[in-house]
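In what follows, a single structure is set out as structure tokens and then discussed.
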Amino acid sequence: MSIQTVNTKSFPGQRPGTSGLRKKVTVFQQPHYLENFVQSVFDTLGDCAGKTLVLGGDGRFHNRDAVQTILRMAAAHGYAKVLVGQGGILSTPAVSCVIRKHGALGGIVLSASHNPGGPDGDFGIKYNIANGGPAPESVTEAIYQRTETITEYRISDAAAVDLNRIGVTRIEQMEVEVIDSVADYAELMQKLFDFEAIRKLFGGGFRMCFDGMHAVSGPYAKAILEGMLGAPAGTVINGVPLEDFGGHHPDPNPVNAAELIAIMAADDAPDFGAASDGDGDRNMIVGRKFDVTPSDSLAVLAANATVAPGYRDGLKGIARSMPTSQAADRVAEALGIPAYETPTGWKFFGTLLDAGKATLCGEESYGTGSDHIREKDGLWAVLFWLNLLAASGKSVEQLVSEHWARFGRNYYSRHDYEAVETNAANELMASLRIKLATLPGQDLGHYVVALADDFEYTDPVDGSVARQQGIRIVMTNGSRIVFRLSGTGTEGATLRVYLERYEADPTYHHLPTQQALAALILIAEQVGGITGWTGRARPTVTT
Ligand code: VG1
Ligand code: CO
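One gets this note's numbering by counting positions in the sequence shown from 1 and adding 352 to each.
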């Protein structure tokens with residue numbers, strides 16, 4: 353065994369996006385490509401002597417190769433220890449949990465999350481800091497700068513580690529401990545939720561379907577739902593992680609989780625349905641013949657949080673990303689606690705959670721979480737719902753309808769235009785920016801514009817500023833249209849158009865969403881010129 357220094361040249365474009373560096377697998381397979389990025393992370397961190405690194409991924413194609421490479425590089429960089437998930441598998445929330453529990457310096461998550469996998473699919477890598485959360489922009493930017501000037505990296509020539517066997521081995525001076533991927537995470541969930549009540553619920557014949565989408569959360573869901581909570585075998589479907597997610601898009605929304613939606617729409621549907629994404633940090637909640645939007649899910653959990661033992665003392669605050677609906681703000685107001693509005697991406701919640709300003713956080717993109725870790729957490733949200741269903745004895749639909757009756761309903765939808773031409777997408781955004789100054793006061797049919805801006809965020813804890821985080825057009829009655837470009841795609845650009853309308857009157861709480869938003873959809877087209885710029889008459893995905 354010895355440590356080699358390898359000469360390399362920088363690759364353009366290794367700048368992390370909304371959540372890490374995501375590229376096609378074929379890009380990551382180029383010699384030195386992964387190594388350059390990993391060495392840039394290590395160089396940015398500096399001396400790691402005596403420190404522990406956590407390492408794991410969502411099991412997609414290229415995961416195992418990447419784990420072996422990173423282990424050999426971590427040994428060359430002088431880490432004392434790496435904790436790696438068995439089989440190279442750790443969900444994103446599990447990485448966050450393990451970093452915090454074991455006092456690690458940080459962790460590396462290998463995932464492109466909801467993006468498709470397989471040899472022609474996507475791969476990704478993300479660095480998490482000591483609080484367990486995604487590195488803030490100051491760190492990701494420093495990593496990127498380093499990738500631009502890198503000339504060499506260091507790597508041990510040690511043989512591959514057996515990732516299947518739990519236990520300790522060594523590479524050079526470094527200890528490699530292969531850990532059970534589920535144990536630490538499951539232990540934390542038990543502290544937060546009333547497992548006894550949920551066990552009774554299942555014991556009473558309550559039926560559930562959890563769609564693992566052949567991604568990372570299958571083993572977690574099986575161990576916790578079927579193992580610890582006594583849900584019948586078969587509750588978890590598509591529960592074995594596959595390198596290509598069975599050819600599907602591991603994105604838990606009604607479009608991509610069509611199998612679950614069909615099961616939940618049947619006359620003999622289970623009481624409760626849920627799905628998670630590639631790396632296990634997203635969740636979709638479904639009732640019998642009833643889909644719950646992520647924005648509503650956050651609001652319902654916030655309003656009922658004290659049913660769960662982990663949140664019995666109440667919430668300190670609620671944070672949501674800017675495009676997420678304002679449903680949670682109404683709950684915060686009723687609870688008399690602060691509401692925070694951050695840019696898109698979980699990394700912006702970290703400072704609020706660390707400072708004890710917020711307890712629950714959520715994004716419209718099927719992400720919900722709390723201060724128990726520093727990532728969004730798919731299975732956590734599912735267990736929270738189960739705890740709520742057990743404590744209330746009500747159905748999903750009942751809980752949500754009652755919530756609307758009390759707080760009003762925020763009709764909400766996101767329209768995605770995927771893989772559009774990058775220049776056209778940039779020009780659409782630029783032309784909107786030019787219009788911003790003239791929009792306020794304009795009468796757009798049913799709506800009058802109150803505010804139009806490009807969202808800028810100053811972090812209330814560390815004062816850092818994030819600019820150009822999405823164009824928002826807010827109407828005088830609080831309805832909104834938001835335009836932003838995705839920072840996770842790997843093909844062209846993806847335009848996201850977010851639409852929201854508030855309805856106080858319960859007589860109008862059961863309209864089809866697209867119908868309820870029809871006037872806003874028309875305005876979005878008129879103001880944004882979406883068809884003209886993208887050449888698309890309709891969105892690729894509507895959620
Ligand atoms: C998307 C979502 C964002 C989420 C991010 C990472 O980003 O909109 O809310 O935080 O994915 O989620 P973008 O830039 O494509 O809109 V995950 O589960 O893919 O790590
Ligand atoms: Co994810």
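Ideal Cβ positions, reconstructed from N, Cα and C, are used throughout, including at glycine. The model shown is predicted, which means the values in this text are computed figures rather than measured ones.
Distance, residue j Cα to residue i Cα
| i | j | result |
| --- | --- | --- |
| residue 537 | residue 888 | 43 Å |
| residue 480 | residue 507 | 21 Å |
| residue 545 | residue 529 | 29 Å |
| residue 846 | residue 520 | 44 Å |
| residue 492 | residue 424 | 22 Å |
| residue 484 | residue 726 | 5 Å |
| residue 771 | residue 848 | 11 Å |
| residue 722 | residue 672 | 11 Å |
| residue 399 | residue 539 | 32 Å |
| residue 464 | residue 895 | 20 Å |
| residue 617 | residue 559 | 14 Å |
| residue 597 | residue 786 | 42 Å |
| residue 601 | residue 820 | 29 Å |
| residue 574 | residue 422 | 29 Å |
| residue 710 | residue 441 | 30 Å |
| residue 881 | residue 791 | 15 Å |
| residue 822 | residue 688 | 28 Å |
Minimum C-alpha distance to residue i - residue among the options
| i | options | result |
| --- | --- | --- |
| residue 413 | 779, 631, 514 and 824 | 631 |
| residue 637 | 614, 615, 748 and 580 | 748 |
| residue 516 | 422, 691, 550 and 532 | 532 |
| residue 662 | 806, 804, 501 and 547 | 547 |
| residue 795 | 482, 363 and 826 | 826 |
| residue 808 | 675, 740 and 850 | 675 |
| residue 653 | 691, 600, 739 and 599 | 739 |
| residue 886 | 775, 714, 833 and 669 | 775 |
| residue 713 | 651, 550, 743 and 756 | 651 |
| residue 810 | 461, 595, 700 and 459 | 700 |
| residue 439 | 469, 571, 359 and 482 | 571 |
| residue 375 | 421, 478, 724 and 865 | 478 |
| residue 435 | 379, 526 and 378 | 526 |
| residue 649 | 720, 588 and 605 | 720 |
| residue 838 | 863, 871 and 769 | 769 |
| residue 567 | 627, 688, 472 and 690 | 627 |
| residue 518 | 731, 437, 405 and 823 | 437 |
| residue 368 | 495, 471 and 741 | 495 |
| residue 487 | 459, 406, 404 and 578 | 459 |
| residue 299 | 448, 430 and 380 | One cannot answer for residue 299 here, as it falls past the ends of the chain, which runs 353 to 895. |
| residue 679 | 760, 741 and 717 | 760 |
Nearest-angstrom Cβ-Cβ length linking residue i and residue j, presumed shorter than 8 Å
| i | j | result |
| --- | --- | --- |
| residue 355 | residue 428 | 5 Å |
| residue 397 | residue 418 | Not confirmed; about 18 Å, so no contact. |
| residue 805 | residue 788 | 6 Å |
| residue 734 | residue 562 | 7 Å |
| residue 371 | residue 698 | 7 Å |
| residue 467 | residue 842 | 7 Å |
| residue 836 | residue 645 | That belief does not hold up - the Cβ atoms of residue 836 and residue 645 are roughly 18 Å apart, past 8 Å. |
| residue 409 | residue 450 | At roughly 13 Å, the Cβ-Cβ gap does not stay under 8 Å, so residue 409 and residue 450 are not in contact. |
| residue 604 | residue 634 | 5 Å |
| residue 326 | residue 890 | In the structure displayed, the chain extends from 353 to 895; residue 326 sits before or after that span and is not available. |
| residue 359 | residue 499 | Actually they are not in contact, since the Cβ atoms of residue 359 and residue 499 sit about 15 Å apart, beyond 8 Å. |
| residue 707 | residue 683 | Actually they do not touch by this definition, with Cβ atoms about 21 Å apart. |
| residue 457 | residue 426 | In fact, because the Cβ distance is near 11 Å, the residues do not count as touching under 8 Å. |
Proximity test, Cβ basis, 8 Å: residue i and chain B
| i | result |
| --- | --- |
| residue 694 | Protein chains in the displayed structure number just one, and chain B is not present. |
Sequence ranges, beta strand (DSSP E) only - wholly within the segment 618–680, length at least 3 = 624–628, 635–639, 642–644 and 670–673
Secondary structure, beta strand (DSSP E): runs of 3+ residues fully inside the segment 493–542 = 504–508, 519–523 and 526–531
Could you give the uninterrupted runs of the beta strand (DSSP E) lying entirely in the segment 421–462, keeping only those of 3 residues or more?
-> 433–441 and 458–462
Beta strand (DSSP E) runs contained entirely in the segment 546–596, provided each spans 3 or more residues = 560–563
Enumerate, from N- to C-terminal direction, the unbroken beta strand (DSSP E) stretches of 3 or more residues contained entirely within the segment 373–398.
-> 373–376
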